[in-house]
Amino acid sequence: MTDHSVQHVEDQHAGKAATTQRVQRKMAPIVPAQNIAGRALVLVIAIMTFLSCLTFGAVTLVRDTASVWENQISREATIQIKPVDGLDMEAALAQASQIAGEFPGVKSARIVDRDATARLLEPWLGSGLNIDDLPVPRLIIVTIDENNPPDFAAMRAAITPKLPSAALDDHRTWVDRLVAMARTTVTIGIAVLALMLSATVLTVVFATRGAMAGNGHIIEVLHFVGAEARFIAREFRHHFLVTGMKGAAAGGAAAVLVFIVFSWWSSRNMATPEADQATALFGNFAIGSAGYLGVVLMVLVIGALTAATSHATVVTYLSDIDVRQPDAG
Numbered sequence: 001m002t003d004h005s006v007q008h009v010e011d012q013h014a015g016k017a018a019t020t021q022r023v024q025r026k027m028a029p030i031v032p033a034q035n036i037a038g039r040a041l042v043l044v045i046a047i048m049t050f051l052s053c054l055t056f057g058a059v060t061l062v063r064d065t066a067s068v069w070e071n072q073i074s075r076e077a078t079i080q081i082k083p084v085d086g087l088d089m090e091a092a093l094a095q096a097s098q099i100a101g102e103f104p105g106v107k108s109a110r111i112v113d114r115d116a117t118a119r120l121l122e123p124w125l126g127s128g129l130n131i132d133d134l135p136v137p138r139l140i141i142v143t144i145d146e147n148n149p150p151d152f153a154a155m156r157a158a159i160t161p162k163l164p165s166a167a168l169d170d171h172r173t174w175v176d177r178l179v180a181m182a183r184t185t186v187t188i189g190i191a192v193l194a195l196m197l198s199a200t201v202l203t204v205v206f207a208t209r210g211a212m213a214g215n216g217h218i219i220e221v222l223h224f225v226g227a228e229a230r231f232i233a234r235e236f237r238h239h240f241l242v243t244g245m246k247g248a249a250a251g252g253a254a255a256v257l258v259f260i261v262f263s264w265w266s267s268r269n270m271a272t273p274e275a276d277q278a279t280a281l282f283g284n285f286a287i288g289s290a291g292y293l294g295v296v297l298m299v300l301v302i303g304a305l306t307a308a309t310s311h312a313t314v315v316t317y318l319s320d321i322d323v324r325q326p327d328a329g
């Protein structure tokens, strides 16, 4: 091989090395991909997303439980007969059940027997209770037609003269209070959720301004040499979109895990009195498909909100530069 050939090969290798070096020395992004502020922002967004999803799940749980309560109450009424001297309780129960069953709109009238009454009182009075030794009222569960409810006033007027110790409760007061409580809880939950989203927006604004303060000289140089504001804003928007989605996904996954754990705990402890009372109040702690869909939407909304907030902040910052230095560049 001649010296000329050797020199040509060496020049080719040198050219390839220079090309590789130029490829490796790619232009660094305007916003550093990994820094302390970025990691802190991911953590803050994850915490806020977690709390927002928990709030949304709690609101969904309360709303669904209240709806179940309202449906159950609207399908039933109760007749309570208090024991008095000289009253044959069993005969009174049968008579009241017969009177209620004759009204149109009543599907059935079921007498709560002694054993069921004792089980209802067991959490407070213990087991082995003999209800005949105590002045315990007895109940009749009246199942009604929701589409064609009976005339409760007429039913009450028919029962009271024959059984003065009997009282008919159609649960209207409880339904009104339940609906009011559910609406108040949902309103409070939505307000808390709005406050969390507002705090997230403010956090992103401060984080974006902090990132621009650390790279302000680069942004100003790019801006003054002709880089369009939308190009610079797009770089920041992409960076904070990724950051926001990371934090939101982590917070949403943690919230879903909490929901699954609570649902599993509730299903595993159904036999305990504490779990029975909690289930009676809140159901089985399962938020349902709507709740999980809401968590996914919350993650997407927070990610998009983070990107949109950073974009608006960058555009405002560049507009301030133009106002402060109109003749620059």
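Going by UniProt numbering, 236 is the number at position 236 of the sequence shown; the sequence numbering is gapless. Note that CB positions come from ideal geometry on N, CA and C, so glycine has one too. It should be emphasised that the depicted structure is a prediction, and the values quoted were computed from it without experimental measurement.
Inter-residue CB distance, residue i and residue j (contact presumed, cutoff 8 Å)
{"i": "Ala290", "j": "Thr60", "result": "6 Å"}
{"i": "Thr309", "j": "Val242", "result": "About 14 Å; that fails the 8 Å criterion."}
{"i": "Ser52", "j": "Leu197", "result": "7 Å"}
{"i": "Thr55", "j": "Val192", "result": "5 Å"}
{"i": "Val299", "j": "Ala249", "result": "6 Å"}
{"i": "Glu152", "j": "Ala91", "result": "Just to set this straight, residue 152 is Phe in the shown sequence, not Glu. No, Phe152 and Ala91 are not in contact; Cβ-Cβ is about 23 Å, not under 8 Å."}
{"i": "Leu318", "j": "Ala229", "result": "5 Å"}
{"i": "Ala94", "j": "Leu163", "result": "Their Cβ separation, rounded to whole angstroms, is 11 Å, which puts Ala94 and Leu163 out of contact at 8 Å."}
{"i": "Ile131", "j": "Ile79", "result": "That pair is no contact at about 17 Å."}
Proximity of residue i and residue j at Cβ, strictly below 8 Å
{"i": "Gly244", "j": "Thr306", "result": "yes"}
{"i": "Leu41", "j": "Ala207", "result": "yes"}
{"i": "Leu314", "j": "Ala233", "result": "In the sequence as displayed, the identity of residue 314 is Val instead of Leu. The answer is yes: Cβ separation under 8 Å."}
{"i": "Met155", "j": "Leu168", "result": "yes"}
{"i": "Ile140", "j": "Arg110", "result": "yes"}
{"i": "His311", "j": "Phe236", "result": "yes"}
{"i": "Arg138", "j": "Ile81", "result": "yes"}
{"i": "Gly247", "j": "Leu43", "result": "yes"}
{"i": "Ile45", "j": "Ile302", "result": "yes"}
{"i": "Val295", "j": "Val256", "result": "yes"}
Three-state secondary structure (DSSP) of residue i
{"i": "Thr143", "result": "strand"}
{"i": "Lys107", "result": "strand"}
{"i": "Glu90", "result": "helix"}
{"i": "Lys246", "result": "helix"}
{"i": "Thr160", "result": "coil"}
{"i": "Ser127", "result": "coil"}
{"i": "Asp151", "result": "coil"}
{"i": "residue 405", "result": "In the structure displayed, the chain extends from 1 to 329; residue 405 sits before or after that span and is not available."}
{"i": "Val221", "result": "helix"}
{"i": "Asp113", "result": "coil"}
{"i": "Ile188", "result": "helix"}
{"i": "Glu70", "result": "helix"}
{"i": "Thr309", "result": "helix"}
{"i": "Glu122", "result": "helix"}
{"i": "Ile47", "result": "helix"}
{"i": "Ile260", "result": "helix"}
{"i": "Ile302", "result": "helix"}
{"i": "Ile287", "result": "coil"}
For residue i, the residue or residues it bridges with in DSSP
{"i": "Asp169", "result": "Thr78"}
{"i": "Arg234", "result": "None; Arg234 has no bridge partner."}
{"i": "Arg138", "result": "Ile81"}
Contacting residues, own chain, Cβ-Cβ under 8 Å from residue i (five flanking each side not counted)
{"i": "Trp174", "result": "Ile73"}
{"i": "Ile186", "result": "In the sequence as displayed, the identity of residue 186 is Val instead of Ile. Answer for Val186: Val59, Val62, Arg63, listed in chain order."}
{"i": "Arg75", "result": "Thr143, Ile144, Glu146"}
{"i": "Met181", "result": "Ala66"}
{"i": "His223", "result": "Ala229, Ile232, Leu318, Ile321, Gly329"}
{"i": "Val136", "result": "Pro83, Thr117, Leu121"}
{"i": "Leu129", "result": "Ala118, Leu121, Glu122"}
{"i": "Ile190", "result": "Val59"}
{"i": "Met89", "result": "Ile81, Pro83, Arg138"}
{"i": "Lys107", "result": "Thr143, Ile144, Asp145"}
Neighbourhood of residue i by C-beta, 7 Å cutoff - its chain only, sequence neighbours within 5 removed
{"i": "Pro149", "result": "Gly105"}
{"i": "Ile260", "result": "none"}
{"i": "Ser165", "result": "Ile81, Lys82, Val84, Leu87"}
Min CB distance residue i to chain D below 8 Å
{"i": "Ala250", "result": "The chain labelled as chain D is not found in the depicted structure, where only one protein chain is given."}
6 Å Cβ shell around residue i - same chain, five flanking residues per side excluded
{"i": "Gly101", "result": "Ala109"}
{"i": "Thr49", "result": "Ala248, Gly251, Gly252, Ile302"}
{"i": "Val112", "result": "Leu139"}
{"i": "Asp176", "result": "none"}
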